[in-house]
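This report concerns only the one structure given below.
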Amino acid sequence: MKLKALNGFKDILPGEVELWQHVETTARGVFTRFDFSEIRLPVLESTELFARSIGETTDIVEKEMYTFVDKKITMRPEATASLLRAYIEHGLYVQRPVQRLFTIGPMFRHERPQKGRLRQFHQMDVEVLGSHSPMVDAELMAMGSMLLQELGLTVSLEINSLGCPQCRPGFRTELLNFLAERMEHLCDDCKRRSATNPLRVLDCKNSGCRHQVLTAPSILDHLCSDCADHFAAVREGMERLQVPYTLNRFMVRGLDYYTRTTFEFITTDLGAQAAVGAGGRYDGLIEQLGGPKDTPGIGFAMGMERLVLLLQQKQEGQDIEVYTPQLFIIALGQEAMQACHLLAHALRSRGLRVAMDLEGRSLKSQMKQADKSGANWVLIVGDNELRDGQGVLRNMQTQDQRQVALEAEALAGMVRLPMQSGIADDRSIDR
Ligand code: HAM
0 MKLKALNGFK
10 DILPGEVELW
20 QHVETTARGV
30 FTRFDFSEIR
40 LPVLESTELF
50 ARSIGETTDI
60 VEKEMYTFVD
70 KKITMRPEAT
80 ASLLRAYIEH
90 GLYVQRPVQR
100 LFTIGPMFRH
110 ERPQKGRLRQ
120 FHQMDVEVLG
130 SHSPMVDAEL
140 MAMGSMLLQE
150 LGLTVSLEIN
160 SLGCPQCRPG
170 FRTELLNFLA
180 ERMEHLCDDC
190 KRRSATNPLR
200 VLDCKNSGCR
210 HQVLTAPSIL
220 DHLCSDCADH
230 FAAVREGMER
240 LQVPYTLNRF
250 MVRGLDYYTR
260 TTFEFITTDL
270 GAQAAVGAGG
280 RYDGLIEQLG
290 GPKDTPGIGF
300 AMGMERLVLL
310 LQQKQEGQDI
320 EVYTPQLFII
330 ALGQEAMQAC
340 HLLAHALRSR
350 GLRVAMDLEG
360 RSLKSQMKQA
370 DKSGANWVLI
380 VGDNELRDGQ
390 GVLRNMQTQD
400 QRQVALEAEA
410 LAGMVRLPMQ
420 SGIADDRSID
430 R
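So in numbering that gives the first Met the number 0, spot 5 of the sequence shown is number 4, and the numbers just go up one at a time.
Here you go:
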């Protein structure tokens, strides 16, 4: 039997990984500018953490979690719950009244794999804990937009407010009445959802259901005055920071913890998997998980697979630096190989990227490898040259070559000089 990666689990190979690093480096840069600190979290958590936060009746908890049933532990399907667990466990609210944290890593959901949808996928997740301020909502969305812009992606932003435990029950009753009149036209999933989680019906992808809910009541018409004021201030903040967005009155998120502002970064370029990032407020969640009373929170997560797919489709990131060797050493003969083995080590300890064939292949084969490696320089050393302590250094751009002493310090100096002067460049070459 051929061993293969599991369905929905993907290797990220050299050649593609540079794009991932570019996405991650760009994100780290943006997050740091907005005063976020990194937190690293475990992949396994107690199952109860996710059931209590994401919601017992959500698709994620009902059918998508990778759970070790006997051990009551689950591979995290998202990062927010784990991050809040850590925030509460370590009393991070004592250190700083408003914490700004980000985390990057793999998440696991047993969904049907398709383009842009995997079972192990990666999120860049940011959370602001301890602030009610609508300015934070606007700033977070502005930060997400800035990140997408810096990646060269054009993505639209949709926003909504889901209200709070004060205003939602009234809306729920009105929605239930509306759905009851149309029950026979809803899909089976929505018939079931109407009883458990009626708001999710608004978000159903089934075209029949979509048609039915066109005239459904909107939560925006049922916001209590505090939630309405908060949402108005969020929108004001968006104007101030000049972040374009559209209002999506029917946006409902697939996780139950949201209150007030919710948002999604949407693309039309990835087929059904339209959301490249999403998030919102969860003002009751920290307390619900055992944290300090009345501690609000808001955050979002970007899906890295989707960002990388978009970059590939748009041929963005073509000029990302790929690390190629600065020098490729070709040693011919046993003694030359041993001497060059030491020379390569000395050059690497001086900070140079050096490649060398250790298999004793022919000159022709090693020249081919050197060419393919993208090295700027090639040093050729045979047993004869070695006796005189010399080698031949070739500039791969100009094909000029000259005799050089096999002395690490001097060689390092030559290889570091700019290529144009006939001598080397310290930068890696562009792809
Ligand atoms: P989410 O909407 O479930 O929210 O996921 C956020 C993003 O992760 C999605 O927009 C998508 O780009 C990516 N994503 C989700 N599932 C998959 C998948 N199976 N394959 C590939 N990409 C996927 C959350 O996870 C919330 N924790 C976001 C949040 C943070 N809310 C507040 N703070």
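The beta-carbon is built from N, C-alpha and C at its ideal position, and this holds for glycine as well.
Quick caveat: nothing in here was measured; it's all calculated off a predicted structure.
Query, Result
"Would residue 250 and residue 157 be called neighbours here (beta carbons separated by less than 7 Å)?", "yes"
"If you count every other CB in all the chains shown that lies within 10 Å of the CB of residue 421, and 16 or more means buried, which is it?", "Note that residue 421 scores a pLDDT of 46, beneath 50, so its modelled location is shaky and nothing firm can be said."
"Taking DSSP as the reference, what is the three-state secondary structure of residue 210?", "helix"
"What residues in its chain sit with their C-beta under 8 Å from that of residue 362, if we drop five residues either side in the sequence?", "329, 331 and 379"
"Please state whether DSSP places residue 65 in a helix, a strand or coil.", "strand"
"In this structure, how does DSSP classify residue 36 when only helix, strand and coil are distinguished?", "strand"
"Could you check what DSSP says for residue 159 in three-state terms: helix, strand or coil?", "strand"
"Can you tell me whether DSSP reads residue 4 as helix, strand or coil?", "coil"
"Measure the C-alpha to C-alpha separation of residue 225 and residue 42 and round it to an integer number of angstroms.", "37 Å"
"How do the segment 47-56 and the segment 269-277 stand: do at least 3 beta-carbon pairs fall below 8 Å, yes or no?", "no"
"Quick one: is the Cβ of residue 108 within less than 6 Å of any heavy atom of the ligand HAM?", "yes"
"My assumption, with CB atoms under 8 Å, is that residue 392 sits in contact with residue 398. Please give the rounded CB distance.", "Actually they do not touch by this definition, with Cβ atoms about 12 Å apart."
"At what residue ranges does the segment 200-278 contain a whole run of the alpha helix (DSSP H), taking only runs of 4 or more?", "206-211 and 224-239"
"Tell me which residue opens and which closes the beta strand (DSSP E) that residue 105 is part of.", "98-107"
"For residue 98, count the other beta carbons within 10 Å of its own beta carbon; 16 or more makes it buried, fewer makes it exposed. Which is it?", "buried"
"Tell me the rounded alpha-carbon separation between residue 76 and residue 121.", "10 Å"
"Where does residue 312 land, buried or exposed, given buried means 16+ other C-beta within 10 angstroms?", "exposed"
"Near residue 145, what residues of its chain come up, given a Cβ to Cβ distance below 7 Å and the 5 sequence neighbours on each side ignored?", "29"
"Need the endpoints of the alpha helix (DSSP H) that residue 169 sits in, please.", "167-179"
"How big is the Cα-Cα spacing for residue 186 and residue 168?", "24 Å"
"Kindly give me the distance between the Cβ atoms of residue 261 and residue 230, rounded to whole angstroms, as I take these residues to be in contact under 8 Å.", "11 Å between Cβ atoms; not a contact."
"Taking the alpha carbon of residue 135 as the reference point, which residue from 35, 198 and 180 has its own alpha carbon closest?", "35"
"Can the beta-carbon of residue 327 be found less than 7 Å from the beta-carbon of residue 345?", "no"
"Please determine if the segment 281-290 and the segment 188-197 are in contact, where contact requires at least 3 C-beta pairs separated by less than 8 Å.", "no"
"So for residue 423, helix, strand or coil by DSSP?", "For residue 423, the predicted model reports a pLDDT of 43, less than 50, meaning its position is unreliable; a value from the coordinates is still stated below. Looking at residue 423 - three-state DSSP - the assignment turns out to be coil, as it is neither helix nor strand."
"Excluding the five sequence neighbours on either side, which residues of its own chain have a C-beta within less than 7 Å of the C-beta of residue 304, listed in chain order?", "115, 117, 120 and 121"
"Got a sec: does the ligand HAM put a non-hydrogen atom nearer than 6 Å to the Cβ of residue 4?", "no"
"To which residues does DSSP link residue 383 through a beta bridge?", "Paired residue(s): none; residue 383 is not in a bridge."
"Do you know whose CA, among 383, 323 and 405, lies nearest residue 371's CA?", "323"
"Using a threshold of 6 Å, is the CB atom of residue 290 nearer than that to any non-hydrogen atom of the ligand HAM?", "no"
"Relative to the alpha-carbon of residue 183, which residue among 203, 208 and 166 has its alpha-carbon at the smallest distance?", "208"
"Check this for me: beta carbons of residue 431 and residue 128, under 7 Å apart or not?", "Shown here, the chain extends from 0 to 430; a query on residue 431 therefore has no answer."
"Kindly list the residues whose CB is nearer than 6 Å to the CB of residue 325, restricted to its own chain and excluding five residues on each side of it in sequence; keep chain order.", "351, 352, 375 and 414"
"To the nearest angstrom, report how far apart residue 17 and residue 27 are at their CA atoms.", "15 Å"
"What residue range does the beta strand (DSSP E) around residue 153 cover?", "That residue, residue 153, is in no beta strand (DSSP E); it is neither H nor E in DSSP."
"Have a look at 45, 23, 46 and 44 and flag the residue whose alpha-carbon is nearest the alpha-carbon of residue 37.", "23"
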